[in-house]
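Protein chains in written order, with full-length UniProt numbering: chain A, 1 to 215; chain B, 1 to 213.
Note that the Cβ used here is the ideal one computed from N, Cα and C, for glycine as well.
Only a predicted model underlies this, so the values are computations on that prediction, with no experimental measurement involved.
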């Protein structure tokens, strides 16, 4: 039975999708209609009790949290495709460090921008201009740290692409596209070079081609 | 050479790493970074942790920050020593990761601002955002129901054994339990049972003693 990823059109599941494609792992996707509240129905909550996407089912095995799925896939298929975990325990430590930075420090302000700029009207809540401004300032300060780091390191965890870089793809794609703040990336020389590199990887292009939100 | 942990022994994120060291019987040295005087934002610390936070570790030439990444690194490096915090198979390990990530994304986002407002701000002479705390508590009730359900069919968050998934919750929970939020935990049979069991562990008791509790 083939691994299934629920909710492919949304950003967080794309962390799992790009990892699967990088590793050459066969999978299927199951759409989840968030607009119709499908994620709050008992059938979905049985897979992901917090009612968010993605959820992954691999035979009898169920797992949620996009970065946990990334780690699972990268470990299970370690011997095929690029090694996204680093070669040594120390390199893995650096991968985990930047994966955590993405989760705790980079993504939260970016998520605020995503919700308030892209989805406020569609989800029916007022867009908070003050929060948008504060979130852009916070993200800008984080990107300054990234700029300094990437001036000394080709990728986040070292000279190899890893889960840490891939985890940034889905929401940064929103930032340079529909959120309309591409300058935050492009005005930073090393962040820009890193972004161009990781976003032109064939696995990411395939992810966008196949699973972009239907217009 | 012994690993150096830069941080404050009473702070939640350094405690996460300290608890891992204690469970794994790893020797360590704490280098105090004073949060009350914002030492973490000063140039010397920014060289160790560019986002101006604690903890950071230095282990010979190896440096790392982000408490959960540090804990995972040591849990991996010392897999065969002390408590196995990672899980036994690939599938089990991924479930440990899943619930450890749940802590960061669903639990900590609520617990941390509650602790900040109810315990830390008063100590620093700042006003508590009462409205925010009430909103957060409502959201926390929903999240704790999910934990309650999980712990009804599982002794620990990732299954039969204590793992990183449980450990990573403990520092913030420890502070939450010192606020009136402890009623929310005590009112839930399975959560209460789980909390009593994990706080009876010797490593936790040692940590609490180190932190002056």
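Limits of the beta strand (DSSP E) - the one that residue i falls within
i                      : result
residue 92 of chain B  : Segment 90 to 102 is the alpha helix (DSSP H) holding residue 92 of chain B; no beta strand (DSSP E) there.
residue 7 of chain B   : 3 to 7
residue 197 of chain A : Note, residue 197 of chain A: premise wrong, no beta strand (DSSP E); alpha helix (DSSP H) at 189 to 199.
residue 57 of chain B  : 56 to 59
residue 45 of chain B  : Premise fails: residue 45 of chain B lies in the alpha helix (DSSP H), 43 to 46, not in any beta strand (DSSP E).
residue 56 of chain A  : 55 to 58
residue 29 of chain A  : 27 to 30
residue 63 of chain B  : 62 to 65
Beta-carbon separation (whole angstroms), residue i vs residue j, contact threshold 8 Å
i                      : j                      : result
residue 23 of chain B  : residue 82 of chain B  : 6 Å
residue 210 of chain B : residue 9 of chain B   : 5 Å
residue 82 of chain A  : residue 161 of chain A : 6 Å
residue 33 of chain B  : residue 25 of chain B  : 24 Å between Cβ atoms; not a contact.
residue 102 of chain A : residue 164 of chain A : 7 Å
residue 63 of chain B  : residue 89 of chain A  : 14 Å between Cβ atoms; not a contact.
residue 203 of chain A : residue 18 of chain A  : 5 Å
residue 191 of chain A : residue 143 of chain A : 6 Å
residue 110 of chain A : residue 171 of chain A : 5 Å
residue 7 of chain A   : residue 32 of chain A  : 4 Å
residue 29 of chain A  : residue 146 of chain A : Wrong, their Cβ atoms sit about 31 Å apart, outside the cutoff.
Proximal chain A residues relative to residue i, where beta-carbon distance stays under 8 Å
i                      : result
residue 102 of chain B : 50 and 65
residue 15 of chain B  : None at all; the shortest Cβ gap to chain A is about 16 Å.
residue 106 of chain B : 50
residue 149 of chain B : 49
residue 81 of chain B  : Residues of chain A passing the Cβ test: none, with the nearest at roughly 14 Å.
Residue i vs residue j beta-carbon contact at 8 Å
i                      : j                      : result
residue 65 of chain B  : residue 49 of chain B  : yes
residue 99 of chain A  : residue 78 of chain A  : no
residue 55 of chain B  : residue 14 of chain B  : yes
residue 12 of chain B  : residue 172 of chain B : yes
residue 167 of chain A : residue 176 of chain A : no
residue 176 of chain B : residue 111 of chain B : yes
residue 2 of chain A   : residue 16 of chain A  : no
residue 108 of chain B : residue 132 of chain B : no
residue 148 of chain B : residue 191 of chain B : yes
residue 11 of chain A  : residue 174 of chain A : yes
residue 20 of chain B  : residue 85 of chain B  : yes
residue 179 of chain B : residue 136 of chain B : no
residue 22 of chain A  : residue 84 of chain A  : yes
residue 213 of chain A : residue 39 of chain A  : no
residue 158 of chain B : residue 99 of chain B  : yes
residue 163 of chain B : residue 16 of chain B  : no
residue 106 of chain B : residue 143 of chain B : yes
residue 53 of chain A  : residue 108 of chain A : no
residue 50 of chain A  : residue 146 of chain B : yes
residue 94 of chain A  : residue 86 of chain A  : yes
residue 150 of chain A : residue 199 of chain A : no
residue 123 of chain A : residue 179 of chain A : no
Interface partners of residue i on chain B, CB under 9 Å
i                      : result
residue 87 of chain A  : Within chain B, no residue comes near residue 87 of chain A; the closest Cβ sits about 14 Å away, beyond 9 Å.
residue 116 of chain A : Correct list: empty, because the minimum Cβ distance to chain B is about 17 Å.
residue 136 of chain A : The contacting residues do not exist; residue 136 of chain A stays about 17 Å from chain B at best.
residue 105 of chain A : 51, 53 and 66
residue 206 of chain A : What residue 206 of chain A touches in chain B: nothing, since even the nearest Cβ is about 24 Å away.
Host alpha helix (DSSP H) of residue i (start-end)
i                      : result
residue 149 of chain A : 129 to 150
residue 205 of chain B : 202 to 210
residue 21 of chain B  : 12 to 23
residue 4 of chain A   : Segment 3 to 6 is the beta strand (DSSP E) holding residue 4 of chain A; no alpha helix (DSSP H) there.
residue 63 of chain A  : Segment 61 to 64 is the beta strand (DSSP E) holding residue 63 of chain A; no alpha helix (DSSP H) there.
residue 91 of chain A  : 89 to 101
residue 173 of chain A : 169 to 176
residue 31 of chain B  : Here residue 31 of chain B belongs to no alpha helix (DSSP H); instead the beta strand (DSSP E) covers 28 to 32.
residue 112 of chain B : 108 to 115
residue 146 of chain B : 130 to 153
residue 161 of chain A : Element bounds for residue 161 of chain A: n/a, residue is neither H nor E.
residue 208 of chain A : 202 to 211
residue 196 of chain B : 189 to 198
residue 21 of chain A  : 11 to 22
Contacts that residue i makes with chain B (C-beta to C-beta distance below 7 Å)
i                      : result
residue 90 of chain A  : 62
residue 101 of chain A : 66
residue 93 of chain A  : 64, 69 and 73
residue 285 of chain A : No statement about residue 285 of chain A is possible, as the shown extent of chain A runs from 1 to 215 and does not include it.
residue 209 of chain A : Near residue 209 of chain A there are no residues of chain B at all, since even the closest Cβ is about 28 Å away, more than 7 Å.
Interface residues of chain A facing residue i [CB-CB closer than 7 Å]
i                      : result
residue 146 of chain B : 49 and 50
residue 91 of chain B  : 61
residue 94 of chain B  : 63, 68, 71 and 72
Under 8 Å from the C-beta of residue i: neighbouring residues of chain B
i                      : result
residue 294 of chain A : Because residue 294 of chain A is not part of the residues shown, which for chain A are 1 to 215, the question remains open.
residue 145 of chain A : 50 and 51
Residue i: contacting residues in chain A (beta-carbon distance under 9 Å)
i                      : result
residue 129 of chain B : Correct list: empty, because the minimum Cβ distance to chain A is about 15 Å.
### Message
By the 7 Å beta-carbon criterion, what residues does the segment 61 to 74 of chain B contribute toward chain A?
### Response
Residues passing the 7 Å Cβ filter: 62, 64, 65, 66, 68, 69, 72 and 73.
### Short-range partners of chain B found in the UniProt domain "GST N-terminal" (1 to 81) of chain A, where Cβ spacing is below 7 Å
The UniProt domain "GST N-terminal" (1 to 81) of chain A vs chain B, Cβ under 7 Å: 49, 50, 61, 63, 64, 65, 67, 68, 71, 72, 75 and 76.
### Message
Along the segment 148 to 173 of chain B, where does the CB come closer than 8 Å to a CB of chain A? Name the residues.
### Response
Taking 8 Å as the Cβ-Cβ cut-off against chain A, the residues of the segment 148 to 173 of chain B that qualify are 149 and 150.
### Contact list for the segment 16 to 36 of chain B against chain A, Cβ threshold 7 Å
Along the segment 16 to 36 of chain B, none of the residues has a CB nearer than 7 Å to a CB of chain A.
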